[in-house]
Structure formats: C-alpha cells, structure tokens
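What follows is a short report on a single structure.
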Amino acid sequence: MLTEQEKDILEQQELTPEERFPCRFPGCNRSFKYNGKSRRTCELSHEPPVQVDDPTQLTPSTPKETKPGDDVFNYNCALMTDSFLFFNFLDGIKEGYGADGSHSTEYALECLYQFFLVHALLSPRGGEWFVWNQSVNNIGKKGTNTPLDEATEHSNNFTKPGIKNLGPYVTKKAVQRLAYSESLTALILGNLDETIKPIYMLLLGFFIIF
0 MLTEQEKDIL EQQELTPEER FPCRFPGCNR SFKYNGKSRR TCELSHEPPV QVDDPTQLTP
60 STPKETKPGD DVFNYNCALM TDSFLFFNFL DGIKEGYGAD GSHSTEYALE CLYQFFLVHA
120 LLSPRGGEWF VWNQSVNNIG KKGTNTPLDE ATEHSNNFTK PGIKNLGPYV TKKAVQRLAY
180 SESLTALILG NLDETIKPIY MLLLGFFIIF
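According to numbering that gives the first Met the number 0, the sequence shown holds residues 0 to 209 in order.
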C-alpha cells in the first residue's frame, strides 16, 4: 500500500503513454517498467552520463522511535566494570597468582601496560619476575598475600626512622643490623598482637554490656 509521499513522487515522474519510465538521456528511446537499476544503468552508459537527483529515496513512512539513553544506568555499569577489574587484580595479588590480571583482556588499559612490560619492555627473566612477584606472604597462610609495593612501603617506614635515630653513627654495619632486626621485630609485634587481641575483644564486650 502506497503512502501519500510515494504517490506524490510517482506523480512527479514523467511516464510514457504506456506508463513506463523513459531513459532521461536526450535521443534515447528506451523505456523501463520500473524505475530501478536497469534504468540507471542505461542512463549511466551514455556519454555524458545522466546526472539526476533520484526522488525515489524515500524516508521511512513510520520513523523508528529512539529511546533516550539512561545515563544513571550507564554510569553504574561503568563503575561496576572498573570495580570488578580492581577486585580482580587484588584477588590475583592476594592469592599469589600473578597472571590472574592478564585474563581480563577486555579491560585494555591496565592489561596493555602489563603486556608491554612482560612481552616488550622487560627481559624474559624480568617479565617472569614481574608476573609472579607482585605479592608477598608474610603470614604463611593461603589467601593472605599482600601487594609487594605495600609490604616494601611498610618496611621502609620501619627502617627509615631507625636510620634517622642513629644520627652521626650511621654505618653500613649498623644499617644492616637494623634491617636484619625488622623480621624479628615484626614477629614479636605479631605475637603480641595475637596475645592482646582476645583480651581486647573480652574488654570490648564487657563495656558494650555495661
């Protein structure tokens, strides 16, 4: 069924007495049943070819309805995507599985940077070290790995004040002795924390009750 727009276009076409579409090149007597490819092929075969504005390019009679985008929904989807990417890398470090972040190839930026380091910028030895040495386990239990840079920062925070307190007596031997004492100090503090924690929880419950 023709729309009003299509009827107007057909009425504007110059048809032959037999209601056929003529070739629009002057002197050509060919005509066509449809205003389609055959007619245009004939018109383009002449020299010079016929250049006409084809009025048969119709706009849809019923335009498609475009729904406005939901900015709140899109924002929350992007936020969750980035959050799960971050959690994925944290889990890989926590479990000591360095290659876990490499599986999320759809998150291009972080993975691309990691691939550049492993496959291009670092040596094979350095790339292997980078993949499998992103975490450290100072507790000795499964699932308790911490990021290596975070552990290094804590180590620096322990060592720097000790070196500063040495004052003018800073020597290589003194700094080495201070560095060696870090692990023993951490062990003592850890045992102290484990001892005090039950007492703290007991006192906390006592004050909550009363």
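All C-beta atoms in this analysis are idealised placements derived from N, C-alpha and C, irrespective of residue type, glycine included.
Name the DSSP bridge partner or partners of residue 145?
-> 135
For residue 135 and residue 150, the rounded distance between their alpha carbons = 7 Å
Contacts around residue 15, its chain only, beta-carbon distance under 8 Å, and the 5 residues preceding and following it disregarded = 21 and 30
Look at the alpha carbon of residue 188 and the alpha carbon of residue 76, and state the distance between them as a whole number of angstroms.
-> 43 Å
First through last residue of the alpha helix (DSSP H) which encompasses residue 75 = 70–93
Identify whether residue 205 lies in helix, strand or coil by the three-state DSSP scheme.
-> helix
Who are the near neighbours of residue 95 in its chain, counting only those whose CB is closer than 6 Å to its CB and skipping five residues on each side?
-> 134 and 144
Neighbour-count burial assignment, residue 91, 16 or more Cβ in a 10 Å radius | buried
Can you grab the Cα-Cα spacing for the pair residue 114 / residue 127, in whole Å?
-> 12 Å
Under a three-way DSSP split, which group does residue 122 fall into?
-> coil
Is residue 71 buried or exposed, if buried means 16 or more other CB atoms sit within 10 Å of its CB?
-> exposed
What number of angstroms, rounded off, separates the C-alpha of residue 13 from the C-alpha of residue 66?
-> 41 Å
Where residue 21 sits in the DSSP three-state scheme = strand
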